[in-house]
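Worksheet for the structure shown next.
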Amino acid sequence: MNLSVVIPVYNGQDTIIELVERLGNVLPGISDSYETVLVCDGSPDHSWQVIEQLAARYPWVRGIELMRNYGQHNALLCGVRAARYEIIVTLDDDLQHPPEEIPVLLARLEEGFDVVFGVPKKLPHSWWRNLTSVITKNLVGYVMGYQSIRDISSYRVFRTHIRKAFENYRGPDLLLDVLLTWGTSRFGTVPVEESPRMVGKSNYNMLKLIKMALTLLTGYTTVPLRFASILGFLFTIFGIFDLIYILVTYFVLGSLPGFSFLASTIIIFSGVQLFALGIIGEYLARVFDRSYGRPTYQVLKTTDQE
Numbered sequence: 057m058n059l060s061v062v063i064p065v066y067n068g069q070d071t072i073i074e075l076v077e078r079l080g081n082v083l084p085g086i087s088d089s090y091e092t093v094l095v096c097d098g099s100p101d102h103s104w105q106v107i108e109q110l111a112a113r114y115p116w117v118r119g120i121e122l123m124r125n126y127g128q129h130n131a132l133l134c135g136v137r138a139a140r141y142e143i144i145v146t147l148d149d150d151l152q153h154p155p156e157e158i159p160v161l162l163a164r165l166e167e168g169f170d171v172v173f174g175v176p177k178k179l180p181h182s183w184w185r186n187l188t189s190v191i192t193k194n195l196v197g198y199v200m201g202y203q204s205i206r207d208i209s210s211y212r213v214f215r216t217h218i219r220k221a222f223e224n225y226r227g228p229d230l231l232l233d234v235l236l237t238w239g240t241s242r243f244g245t246v247p248v249e250e251s252p253r254m255v256g257k258s259n260y261n262m263l264k265l266i267k268m269a270l271t272l273l274t275g276y277t278t279v280p281l282r283f284a285s286i287l288g289f290l291f292t293i294f295g296i297f298d299l300i301y302i303l304v305t306y307f308v309l310g311s312l313p314g315f316s317f318l319a320s321t322i323i324i325f326s327g328v329q330l331f332a333l334g335i336i337g338e339y340l341a342r343v344f345d346r347s348y349g350r351p352t353y354q355v356l357k358t359t360d361q362e
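Letter by letter, the sequence shown follows residues 57 to 362 of our numbering.
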């Protein structure tokens, strides 16, 4: 078995040395040939200098520096496309994904799966972060079309040939887990240990998680548009009954309802229209982003060239 380990790096100067050393202890015992691809995603610290040092020290370490920060999944896609071996392992650079758990993922993969997610036995974050994460993962599972997959994780292992399904993908926003569904339907999960963060803090905050949820909903599914259509239909029915009520009131009482009733009705319908227009606007924004040619990522340099 030959392995490519892909790691997006952002503010990882204090962790990637230990991470690579631990990989160096694990990989020789589980693979014939192996490599580690460190993708520096426009990190503002000295991560790239550390990566260059690691690549010079270990022949199985490769480094890729991107021109700026494109996002975790964009950096992952860059590393996935650069991988040389038949199995790809992805993990974070913050030491929360122990390299010692890689054999557990590989054993699960050998049971007939193409993609296996290593899910933590215990969620390590605060309650609000865990709740938001669970909601986002459920959205990912829905968009992927596999309601049984609820525990999506950035600690994953998959067969490299799957990348053929999205080798022509172009666009500024992406989610690797959704792209993987373009090449396979055999997904599995396995519980693994997850270490607490020892250095720094998570790069994902509430706003980024909300943005990811919007990307999921408007970038890979038409569910919001359908919801807007259904909502419009329901309020059309409501409007018909409202008209009937006004006509009956007029003919029975000889007068129309007061200003308050009329104003509240206008506000409700205006709100629904603006909500539907907002959903359509999100889709138009996605089309605009993909139409004017902004790259998924752009490589500045690699250690292979040095």
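We put the beta carbon where it would ideally sit given N, CA and C, even for glycine.
Go through the region 112–146 residue by residue and report every complete run of the alpha helix (DSSP H) that reaches 4 residues or more, in order. Counting whole runs of 4 or more residues, the region 112–146 contains the alpha helix (DSSP H) stretches 128–138.
Alpha carbon of Y114 to alpha carbon of W104, nearest angstrom: Residue mapping note: residue 114 aligns to position 58 of the sequence shown, counting from 1. Residue mapping note: residue 104 aligns to position 48 of the sequence shown, counting from 1. Taking the straight line from one Cα to the other gives about 15 Å.
L288 - containing alpha helix (DSSP H), residue span: For the purposes of this step, residue 288 is identified with residue 232 of the sequence shown, where counting begins at 1. Looking at the sequence provided, one finds Gly at residue 288 rather than Leu. First-last of the alpha helix (DSSP H) with G288: 279–309.
Nearest neighbour of E108, chosen from L231, F325, R118 [CA to CA]: Taking the sequence shown and counting its residues from 1, the one referred to as residue 108 is at position 52. Selected option, being the one with the closest Cα: R118.
Quick one: grab the DSSP three-state call for S60. On the sequence shown, position 4 is the one that residue 60 refers to. Three-state result, S60: strand.
Can you give me the start and stop residues for the alpha helix (DSSP H) that R78 sits inside? Locating residue 78 in the sequence shown gives position 22, counting from the first residue. That run of the alpha helix (DSSP H) goes 72–82.
Contacting residues, own chain, Cβ-Cβ under 6 Å from G244 (five flanking each side not counted): For this step, residue 244 is matched to residue 188 along the sequence shown. Within the same chain, and ignoring the five residues on either side of G244 in sequence, the residues whose Cβ sits closer than 6 Å to its Cβ are R164, F169, V172.
Element boundaries [beta strand (DSSP E), containing P159]: As a first step, residue 159 must be located in the sequence shown, where it is residue number 103. For P159, there is no enclosing beta strand (DSSP E); the residue is part of the alpha helix (DSSP H) that begins and ends at 158–165.
In terms of residue numbering, what span does the beta strand (DSSP E) encompassing L356 cover? Sequence index remark: in the sequence shown, residue 356 carries index 300 (1-based). Looking at the DSSP string, the run of the beta strand (DSSP E) that includes L356 is 355–358.
Taking the CB atoms as reference points, tell me whether V145 and L231 lie closer together than 9 Å. Counted from its first residue, the sequence shown places residue 145 at position 89. Counted from its first residue, the sequence shown places residue 231 at position 175. Contact: no.
Three-state secondary structure (DSSP) of T321: If you number the sequence shown from 1, residue 321 lands on position 265. Three-state result, T321: helix.
Under the DSSP definition of a beta bridge, which residues are partnered with V213? Position 157 of the sequence shown holds residue 213. V145, V172.
Are three or more beta carbon pairs between the region 122–140 and the region 92–103 nearer than 8 Å? Yes, they touch.
Local conformation of E338 per DSSP, three classes: Here the question's residue 338 lines up with position 282 in the sequence shown. Of the three classes helix, strand and coil, the one that applies to E338 here is helix, per DSSP.
Are the CB atoms of I72 and L122 nearer to each other than 9 Å? As a first step, residue 72 is located in the sequence shown; it is residue number 16 there, counting from the start. As a first step, residue 122 is located in the sequence shown; it is residue number 66 there, counting from the start. With a cutoff of 9 Å on beta-carbon distance, I72 and L122 are scored as not near each other.
Taking the alpha-carbon of V328 as reference, which of I296, Y306, A284, L309 has the nearest alpha-carbon? Counting from 1 along the sequence shown, the entry for residue 328 is found at position 272. The residue with the shortest Cα to Cα distance from V328 is A284.
What's the C-alpha gap between G295 and T237? What you label residue 295 is simply residue 239 of the sequence shown in a count that begins at 1. What you label residue 237 is simply residue 181 of the sequence shown in a count that begins at 1. Computed Cα separation, rounded: 42 Å.
Go ahead and pull the three-state DSSP assignment for S241. Residue mapping note: residue 241 aligns to position 185 of the sequence shown, counting from 1. Residue state for S241 is assigned as coil, using DSSP reduced to three classes.
Below 8 Å on the Cβ atoms is my contact criterion, and I expect D97 with P64 to pass it. Report the Cβ-Cβ distance as a whole number of Å. Indexing the sequence shown from 1 puts residue 97 at position 41. Indexing the sequence shown from 1 puts residue 64 at position 8. So it is a contact: roughly 5 Å between Cβ atoms.
Is the beta carbon of S99 less than 9 Å from the beta carbon of Y126? Within the sequence shown, numbered from 1, the residue matching residue 99 stands at position 43. Within the sequence shown, numbered from 1, the residue matching residue 126 stands at position 70. Cβ atoms of S99 and Y126: not closer than 9 Å.
Identify whether L231 lies in helix, strand or coil by the three-state DSSP scheme. As a position in the sequence shown, residue 231 is number 175, starting the count at 1. Reduced to three states, the DSSP call for L231 is coil.
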